[in-house]
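Asks: Dumping the structure here so I can ask a few things about it.
There are 2 protein chains.
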Amino acid sequence: MEKRRLILDAAVRVFARKGYHTSRVGDIAEEAGIAHGLLYHYFSSKEQVLETVFRENWSELLAAFARIEDSDEPASDQLDGIVKVLLRSWRNAPDLVRVMVREVARSPHLQGQVDEIREGFVTIQRVIERGQAEGSFRADLDARLASWIVYGSLEELLTGWVLGQLPDGDEDVAHAEATVLTFVQTALAADGRA
Amino acid sequence: MEKRRLILDAAVRVFARKGYHTSRVGDIAEEAGIAHGLLYHYFSSKEQVLETVFRENWSELLAAFARIEDSDEPASDQLDGIVKVLLRSWRNAPDLVRVMVREVARSPHLQGQVDEIREGFVTIQRVIERGQAEGSFRADLDARLASWIVYGSLEELLTGWVLGQLPDGDEDVAHAEATVLTFVQTALAADGRA
DNA sequence: GACGGCGTTGACTGTCCGTTCAACAGCGCA
DNA sequence: TGCGCTGTTGAACGGACAGTCAACGCCGTC
């Protein structure tokens, strides 16, 4: 396997296990099975490793969002799709979610990527606005704020799983997904119950 | 003023400005106007300073929650009250919220306080359950998950303000508050529109 | 079989910073 | 006046750790 990817994968595991600050460069190297000097052949610093992990994976998420947005489903189905993608990421890649939630999301580190995070919000916002325009979502709610509220709900559930405070068995996750979907769709629906 | 409090207040400002990890003990001491050695007369470590900041302020928040819960208002008003207390904390003590959101909330640091954080969730959960029992909230939503969703919404708005991504003028904050209230009450209401 | 360059190694450096500690100042008390 | 206690100081220590670098192995090329 390509060494660069090897290092990134190792970094995700190590960061997930010990947290970014407590992880030493040597830990990552050891996990990847290389000498720690080599890491500097592929990355300029420890921080750049974290940044790369974030950037490459977040952009995948954005791509998934974009595919959903570009589909011809009604807005409310698109919103469901986004919710599902985000929540299911926990079972798909728990280590990655751990790192994203704990180290990057509201990170004291790295300023630049704030814009990239925001792009996810904006997608949600656009979907909500389309729903409002189509008449399926109530139009009296600020779509931007609503997108933050929706995203916050999802991130908090992920956090609950990350911190081990919410049960995350198969049915638990499915149940959480169903609950958010009902919650959000009810709140946004143009007419009474969703 | 009592030196201990002086140090804590200085620490909040410094942590808010530079983040916990990037803040040196000397920075806190300088901000407090003392020699850095003195800090160890009052606290056993830099980490304990952060922990104390969290503990003492979070317990105040829990007390506010408890007062609301013990009032004889209907559950839906109590929930409104909780939302308002949390959101208004931003204008009341922005530095504190900065530290709480960025350093403590899903912290790689300090494990013990997870239980204290959880107590806030449980209060929200109880209020929701009471509303369900009273018949004003729909009973088919899992109250525990709903409490996480509600809290997540609020924390995300605070985060938006902390990171400077959401406008936080007087009217902006009021508008955000109104939006969350509508969103949450609509989602939870037993019958159609809130 | 010399050459060169890419990939790889790991000892070493330099620095940063949390923490310690010996000394001291002020003050109440006897 | 002397004793001791609490509060206070800042120089010094120690250890950790990110990042450097000189050397080396391997492999293709001429």
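Going down the list, the protein sequences come from chains A and B. Using my numbering, read the first sequence as starting at 824 and increasing by one per residue. Using my numbering, read the second sequence as starting at 824 and increasing by one per residue. Every residue, glycine too, gets a C-beta built ideally from N, C-alpha and C. Only a predicted model underlies this, so the values are computations on that prediction, with no experimental measurement involved.
Straight-line CA distance for R925(B) to L919(B)?
Replies: Stepping through the second sequence from its first residue, residue 925(B) is reached at position 102. Stepping through the second sequence from its first residue, residue 919(B) is reached at position 96. Answer to the nearest angstrom: the Cα atoms are 10 Å apart.
Asks: Please determine if the region 885-900 of chain B and the region 955-962 of chain B are in contact, where contact requires at least 3 C-beta pairs separated by less than 8 Å.
Replies: These segments touch.
Asks: Between E892(A) and V950(A), is the Cβ-Cβ spacing less than 8 Å?
Replies: Along the first sequence, one-based indexing puts residue 892(A) at 69. Along the first sequence, one-based indexing puts residue 950(A) at 127. It is a contact, given that the beta carbons lie within the stated cut-off.
Asks: From this set, T982(B), E942(B), D965(B), A852(B), which residue's C-alpha is nearest V837(B)'s C-alpha?
Replies: Stepping through the second sequence from its first residue, residue 837(B) is reached at position 14. Nearest C-alpha to V837(B): A852(B).
Asks: Taking the runs of the alpha helix (DSSP H) that are 4 residues or longer, which of them lie wholly in the region 849-899 of chain B?
Replies: Correct list: 859-865, 869-893.
Asks: For chain A, check one thing: does any of its Cβ atoms lie closer than 8 Å to the Cβ of D965(B)?
Replies: By one-based count along the second sequence, residue 965(B) stands at place 142. Chain A contact via Cβ: present.
Asks: Would you mind working out which of E939(B), T946(B), R911(B), M923(B) sits nearest A1001(B), comparing C-alpha positions?
Replies: Stepping through the second sequence from its first residue, residue 1001(B) is reached at position 178. With distances taken between Cα atoms, A1001(B) lies closest to R911(B).
Asks: Would Q936(A) pass as an interface residue toward chain B - the criterion being a Cβ-Cβ separation below 8 Å?
Replies: Taking the first residue of the first sequence as position 1, residue 936(A) is located at position 113. Answer no: the Cβ-Cβ gap between Q936(A) and chain B never drops below 8 Å.
Asks: If you follow the alpha helix (DSSP H) that V950(A) is part of, which residue opens it and which one closes it?
Replies: If you number the first sequence from 1, residue 950(A) lands on position 127. That run of the alpha helix (DSSP H) goes 937-957.
Asks: If I measure Cβ to Cβ from S970(B) and keep anything under 7 Å in the same chain, skipping five residues before and after, which residues do I get?
Replies: One-based indexing of the second sequence puts residue 970(B) at position 147. Counting only Cβ-Cβ distances below 7 Å, and skipping sequence neighbours, we find F944, I947, Q948, I951.
Asks: Just to confirm the assignment: which complete alpha helix (DSSP H) runs, minimum length 4, are found wholly within the region 895-925 of chain B?
Replies: Listed in chain order, the complete alpha helix (DSSP H) runs (minimum 4 residues) inside the region 895-925 of chain B are 898-915, 917-922.
Asks: If you check the beta carbons only, do G842(B) and E978(A) fall under 8 Å apart?
Replies: Taking the first residue of the second sequence as 1, we reach residue 842(B) at position 19. Taking the first residue of the first sequence as 1, we reach residue 978(A) at position 155. No, they are not a contact pair.
Asks: For R925(B), would you say it is in contact with chain A, using Cβ-to-Cβ distances shorter than 8 Å as the test?
Replies: As a working note, residue 925(B) is residue 102 in the second sequence. R925(B) counts as touching chain A.
Asks: Using the C-alpha atoms, what's the distance from Y865(B) back to E825(B)?
Replies: For this step, residue 825(B) is matched to residue 2 along the second sequence. For this step, residue 865(B) is matched to residue 42 along the second sequence. Between E825(B) and Y865(B), the C-alpha separation is close to 11 Å.
Asks: With the cut-off set at 8 Å, would you say L909(B) and V1007(B) are in Cβ contact?
Replies: Here the question's residue 909(B) lines up with position 86 in the second sequence. Here the question's residue 1007(B) lines up with position 184 in the second sequence. Result no, Cβ atoms of L909(B) and V1007(B) do not sit closer than 8 Å.
Asks: When the Cα atoms are used, what is the spatial distance from D965(A) to G983(B)?
Replies: Within the first sequence, numbered from 1, the residue matching residue 965(A) stands at position 142. Within the second sequence, numbered from 1, the residue matching residue 983(B) stands at position 160. When rounded, the distance between both Cα atoms is 15 Å.
Asks: Classify T1009(B): buried if its beta carbon has 16 or more other beta carbons within 10 angstroms, exposed otherwise.
Replies: Stepping through the second sequence from its first residue, residue 1009(B) is reached at position 186. Buried, because 16 or more other Cβ atoms sit within 10 Å of the Cβ of T1009(B).
Asks: Could you tell me the distance, in whole angstroms, from the CA atom of K907(A) to the CA atom of V973(B)?
Replies: What you label residue 907(A) is simply residue 84 of the first sequence in a count that begins at 1. What you label residue 973(B) is simply residue 150 of the second sequence in a count that begins at 1. For K907(A) and V973(B), the distance between alpha carbons rounds to 18 Å.
Asks: I need the DSSP call for A1047(B), collapsed to helix, strand or coil.
Replies: Past the edges of chain B, shown from 824 to 1017, lies residue 1047(B), and the structure says nothing about it.
Asks: In the DSSP assignment, what are the bridge partners of A1012(B)?
Replies: By one-based count along the second sequence, residue 1012(B) stands at place 189. Paired residue(s): F960(B).
Asks: Please identify, using Cβ separations under 8 Å, the residues of the region 982-1003 of chain B that lie next to chain A, in order along the chain.
Replies: For the region 982-1003 of chain B, which is checked against every Cβ of chain A, the residues closer than 8 Å are T982, G983, V985, L986, Q988, L989, H998, A999, T1002, V1003.
Asks: If the cut is a Cβ gap below 8 Å, which residues of chain A does E978(B) touch?
Replies: To locate residue 978(B), count along the second sequence from 1; it is residue 155. Neighbours of E978(B) on chain A, chain order: G975, E979.
Asks: Can you name the start and end residues of the alpha helix (DSSP H) that R836(A) belongs to?
Replies: In the first sequence, the residue the question calls residue 836(A) occupies position 13. Where R836(A) is concerned, the enclosing alpha helix (DSSP H) stretches over 826-841.
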